[in-house]
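Asks: Below you will find the structure I want to go over with you.
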Amino acid sequence: MSLFLQSWAESIWEMMVDSAFLLFIGIILAGLISIVLNSSKIKDKIIGNGKSDIFKASVIGIPLPLCSCSVLPVAKQLRQSGVSKGATVSFLISTPESGVDSIMLTYTLMDPIMTLARPITAFITSISAGLLENKYDNKINNVFETVDTNQTGSACSCCCSSNGNKIEVENQSLVQKIISGIKYSFSDLLSDLAPFLLFGYLLAGLVSASLGGDLLSLSDTFTTGWGSYLGAVIIGVPLYICATSSTPLAAALLAIGFSPGAVLVFMMVGPATNITSLTVVHKILKGWSIIRYLLVIVVVAVACGIAVDYLYDYFKIAVNYQTDVLHKHNNWLDLISAIILSLFILYYSFKAGLKKLR
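6 is the number of the first residue of the sequence shown in my numbering; add one for each residue after it.
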């Protein structure tokens, strides 16, 4: 038992050492983007009823660091301001499926192909869902009914905590905006992500530490072919996990034999859906929209997963993932970044836990 716990701890530390520095870079960039692009500016750029607003909503949503729950208040405000249902759906999908921080982390823990596949799949999914929604929605311009986004429940409380507290930066200089963005990155944004990063690293370390155990016996059934895609969907749909915290777990799934395509399905389906947020999405979209919303996410994710697997197989590309960095010579910057990241995660997670107990 003690050997397993040691292996678990080492696996967690390995991933943190390899990912912390670029994760910090991604979080800083995400904070700067959040400062520049507030909800009113997003609305001004994507309001309309045509195909262009769906495209703009997808492109704007991809780099934003919002999870499937924290995107809901923004989507509510956009819809209430007159943004079409198709554009709202596009934003609801592209935003949680990707983010500049999760893209940086994907590059660190995987390879350039998976790094590119993530935002491309998010773009295709969101565009497809938005176009389909506008086609079947006969009342695009109806006034949006008020939705209480607090009904998402406790599972979303951490990621939603900072979205109502927008930083006023309109009258600030460029230097002041940059400082505000960095402060936001390491306070609001990192505090929101910390509990889910903790969950992601713990679960990824558990999977990695189990490589030599019974978990490998599942490989033939659940890690290859259609079984792997189905397994990724079954795990991803009900699970609450943001794009960033899903990445270490995705790297661990690669390590136990899941195909890159199946891992891509998990990285797309997991962050875009969870049971608590889907109830509110249903209230926002109304009617059969939630069925179309889920179907497009799953179908496009699986289709892109199959395409990615075909790409790896056709060009004989070796699957690349990082789970053994302790056996490499890490520089001092990686080690210091990992120590700082672990302290941030523990501090903010402990703080969030105390807040829930009160």
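Each residue gets a CB set at the ideal place from its N, CA and C atoms; glycine is no exception.
Tell me, please, whether the segment 257-269 touches the segment 82-102 by the rule of three or more beta-carbon pairs shorter than 8 Å.
Replies: These segments do not touch.
Asks: Indicate whether Val212 and Ala257 have their beta-carbon atoms separated by less than 8 Å.
Replies: Counting from one through the sequence shown, the residue named residue 212 turns up at place 207. Counting from one through the sequence shown, the residue named residue 257 turns up at place 252. In this structure, Ala257 lies closer than 8 Å to Val212 by Cβ.
Asks: For Met21, which residues from the same chain have a beta carbon less than 7 Å from its beta carbon, with the 5 sequence-adjacent residues on both sides left out?
Replies: For the purposes of this step, residue 21 is taken as residue 16 along the sequence shown, with counting starting at 1. Once the five neighbours on either side are set aside, the close Cβ partners of Met21 are Tyr206, Ala343, Leu346 and Ser347.
Asks: Out of curiosity, what's the CA-to-CA distance linking Glu19 and Ile341?
Replies: What you label residue 19 is simply residue 14 of the sequence shown in a count that begins at 1. What you label residue 341 is simply residue 336 of the sequence shown in a count that begins at 1. If you take the alpha carbons of Glu19 and Ile341, they lie about 13 Å apart.
Asks: Go ahead and label Ala357 buried or exposed: buried means 16 or more other beta carbons lie within 10 angstroms of its beta carbon, across all protein chains shown.
Replies: Mapped onto the sequence shown, residue 357 falls at position 352. Buried, by the Cβ-count rule.
Asks: Under 8 Å, do Leu114 and Tyr326 count as touching if we go by C-beta distance?
Replies: By one-based count along the sequence shown, residue 114 stands at place 109. By one-based count along the sequence shown, residue 326 stands at place 321. Yes, the pair counts as a contact, with Cβ atoms nearer than the cut-off.
Asks: Please name the residue in Val324, Lys48, Pro78 and Ser63 whose C-alpha comes closest to that of Val286.
Replies: Numbered from its first residue, the sequence shown carries residue 286 at position 281. Of the candidates Val324, Lys48, Pro78 and Ser63, the one whose C-alpha sits nearest the C-alpha of Val286 is Pro78.
Asks: If you run the structure through DSSP and keep just helix, strand and coil, what is Ser86?
Replies: Walking along the sequence shown from the start, residue 86 turns up at place 81. In the structure shown, Ser86 sits in coil (DSSP, three-state: anything other than H, G, I, E or B).
Asks: In angstroms with no decimal places, state the Cα-to-Cα distance between Leu359 and Pro200.
Replies: Within the sequence shown, residue 359 is the residue found at index 354, counting from 1. Within the sequence shown, residue 200 is the residue found at index 195, counting from 1. Roughly 12 Å between the two C-alpha positions.
Asks: If you follow the alpha helix (DSSP H) that Ile125 is in, where does it begin and where does it stop?
Replies: Working through the sequence shown from its first residue, we reach residue 125 at position 120. It spans Pro117 to Tyr141 - the alpha helix (DSSP H) in which Ile125 sits, taken as one unbroken run.
Asks: Along the alpha helix (DSSP H) that carries Pro68, what are the first and last residues, could you check?
Replies: Working through the sequence shown from its first residue, we reach residue 68 at position 63. Neither: Pro68 is in no alpha helix (DSSP H) and is coded neither H nor E.
Asks: Taking its Cβ as the centre, do 16 or more other Cβ atoms sit within 10 Å of Lys2, making it buried, or is it exposed?
Replies: Since the first residue of the chain shown is 6 and the last is 363, residue 2 is not available in this structure.
Asks: Using DSSP with H/G/I as helix, E/B as strand and the rest coil, what is Gly241?
Replies: Locating residue 241 in the sequence shown gives position 236, counting from the first residue. Gly241: helix per DSSP, three-state reduction.
Asks: From Ser16, Phe60 and Ser7, pick the residue whose C-alpha is nearest to that of Pro253; which is it?
Replies: As a working mapping, residue 253 is identified with position 248 in the sequence shown. Selected option, being the one with the closest Cα: Ser16.
Asks: When burial is assigned at 16 or more other CB atoms within 10 Å of the CB, is Phe204 buried or exposed?
Replies: The count along the sequence shown starts at 1 and reaches residue 204 at position 199. So Phe204 counts as buried.
Asks: Classify Asp329 as helix, strand or coil using the three-state DSSP reduction.
Replies: As a position in the sequence shown, residue 329 is number 324, starting the count at 1. Caution is warranted here: a pLDDT of 49 is assigned to Asp329, below 50, making its placement in the model unreliable, and the coordinate value is therefore given only provisionally. Coil at Asp329, not helix or strand.
Asks: What do you get for Leu368, buried or exposed, if any count of 16 or more other CB atoms within 10 angstroms of its CB means buried?
Replies: What is shown of the chain runs 6 to 363, which leaves residue 368 out entirely.
Asks: When you compare only the Cα positions, how much space is there between Leu34 and Gly135?
Replies: If you number the sequence shown from 1, residue 34 lands on position 29. If you number the sequence shown from 1, residue 135 lands on position 130. Going from the Cα of Leu34 to the Cα of Gly135 covers about 27 Å.
Asks: Give the single residue among Leu42, Pro101, Ala122 and Arg297 whose Cα lies nearest to the Cα of Asp142.
Replies: Taking the first residue of the sequence shown as position 1, residue 142 is located at position 137. It is Arg297 whose Cα lies nearest to the Cα of Asp142.
Asks: Report yes or no: do three or more beta-carbon pairs, one from the segment 227-245 and one from the segment 270-286, lie closer than 8 Å?
Replies: Yes: at least three Cβ pairs fall under 8 Å.
Asks: To the nearest angstrom, report how far apart Gly218 and Gly236 are at their CA atoms.
Replies: If you number the sequence shown from 1, residue 218 lands on position 213. If you number the sequence shown from 1, residue 236 lands on position 231. Here the model assigns Gly218 a pLDDT of 49, short of 50, so the residue's position is not dependable, and the following value carries that caveat. Each residue's alpha carbon lies about 19 Å from the other.
Asks: For Val307, tell me which candidate among Gly31, Asp106 and Arg123 has the shortest Cα-Cα distance.
Replies: In the sequence shown, residue 307 corresponds to position 302, counting from 1. Of the listed residues, the one whose Cα sits closest to Val307 is Arg123.
Asks: Which parts of the segment 243-292 are runs of the alpha helix (DSSP H), unbroken and 4 residues or longer, counting only runs that do not cross its ends?
Replies: Qualifying alpha helix (DSSP H) stretches, in chain order: 248-260, 265-277 and 280-290.
Asks: Starting from the Cα of Glu102, find the closest Cα among Asp318, Ala277, Leu362 and Leu338 and give me that residue.
Replies: Stepping through the sequence shown from its first residue, residue 102 is reached at position 97. Ranking Asp318, Ala277, Leu362 and Leu338 by Cα distance to Glu102 puts Ala277 first.
Asks: Determine the extent of the alpha helix (DSSP H) in which Ser196 is found, giving its start and end residues.
Replies: Sequence index remark: in the sequence shown, residue 196 carries index 191 (1-based). Segment Leu195 to Ala214, the alpha helix (DSSP H) holding Ser196.
Asks: Can you give me the C-alpha to C-alpha distance between Ser354 and Leu10, rounded to a whole angstrom?
Replies: The residue labelled residue 354 in the question sits at position 349 within the sequence shown. The residue labelled residue 10 in the question sits at position 5 within the sequence shown. Going from the Cα of Ser354 to the Cα of Leu10 covers about 21 Å.
Asks: Across the segment 59-71 and the segment 91-101, are there enough close Cβ pairs to call them in contact, namely three or more that are closer than 8 Å?
Replies: Contact between the segment 59-71 and the segment 91-101 is present, because at least three Cβ pairs lie under 8 Å.
Asks: Taking the alpha-carbon positions, what's the Val130 to Ser95 distance?
Replies: Against the sequence shown, residue 130 aligns to sequence position 125. Against the sequence shown, residue 95 aligns to sequence position 90. What sits at residue 130 in the sequence shown is Thr, not Val. So the two alpha carbons sit approximately 8 Å from each other.
Asks: Using a Cβ-Cβ cutoff of less than 7 Å, which residues in the same chain neighbour Asp49 once the five nearest sequence positions on both sides are dropped?
Replies: Taking the sequence shown and counting its residues from 1, the one referred to as residue 49 is at position 44. There are no such residues.
Asks: Determine the closest residue to Ile322 out of Pro117, Ser282, Leu37 and Ser24, with distance taken between C-alpha atoms.
Replies: Counting from one through the sequence shown, the residue named residue 322 turns up at place 317. The shortest Cα separation from Ile322 among Pro117, Ser282, Leu37 and Ser24 belongs to Pro117.
Asks: How about Pro68 and Gly36: are their beta carbons less than 8 Å apart?
Replies: Indexing the sequence shown from 1 puts residue 68 at position 63. Indexing the sequence shown from 1 puts residue 36 at position 31. No, they are not a contact pair.
Asks: Look at Ser12 and Ala214 and say whether their C-beta atoms are less than 8 Å apart.
Replies: The residue given as residue 12 occupies position 7 in the sequence shown. The residue given as residue 214 occupies position 209 in the sequence shown. Closer than 8 Å, so yes.
Asks: Shortest alpha-carbon distance to Trp231 belongs to which of Ser190, Phe26 and Ala312?
Replies: Reading the sequence shown from its first residue, position 226 is the one you call residue 231. Among Ser190, Phe26 and Ala312, the Cα nearest to that of Trp231 is on Ala312.
Asks: In the DSSP assignment, the alpha helix (DSSP H) including Phe26 goes from what residue to what residue?
Replies: Residue mapping note: residue 26 aligns to position 21 of the sequence shown, counting from 1. Ser7 to Val41 is the span of the alpha helix (DSSP H), which, as asked, contains Phe26.
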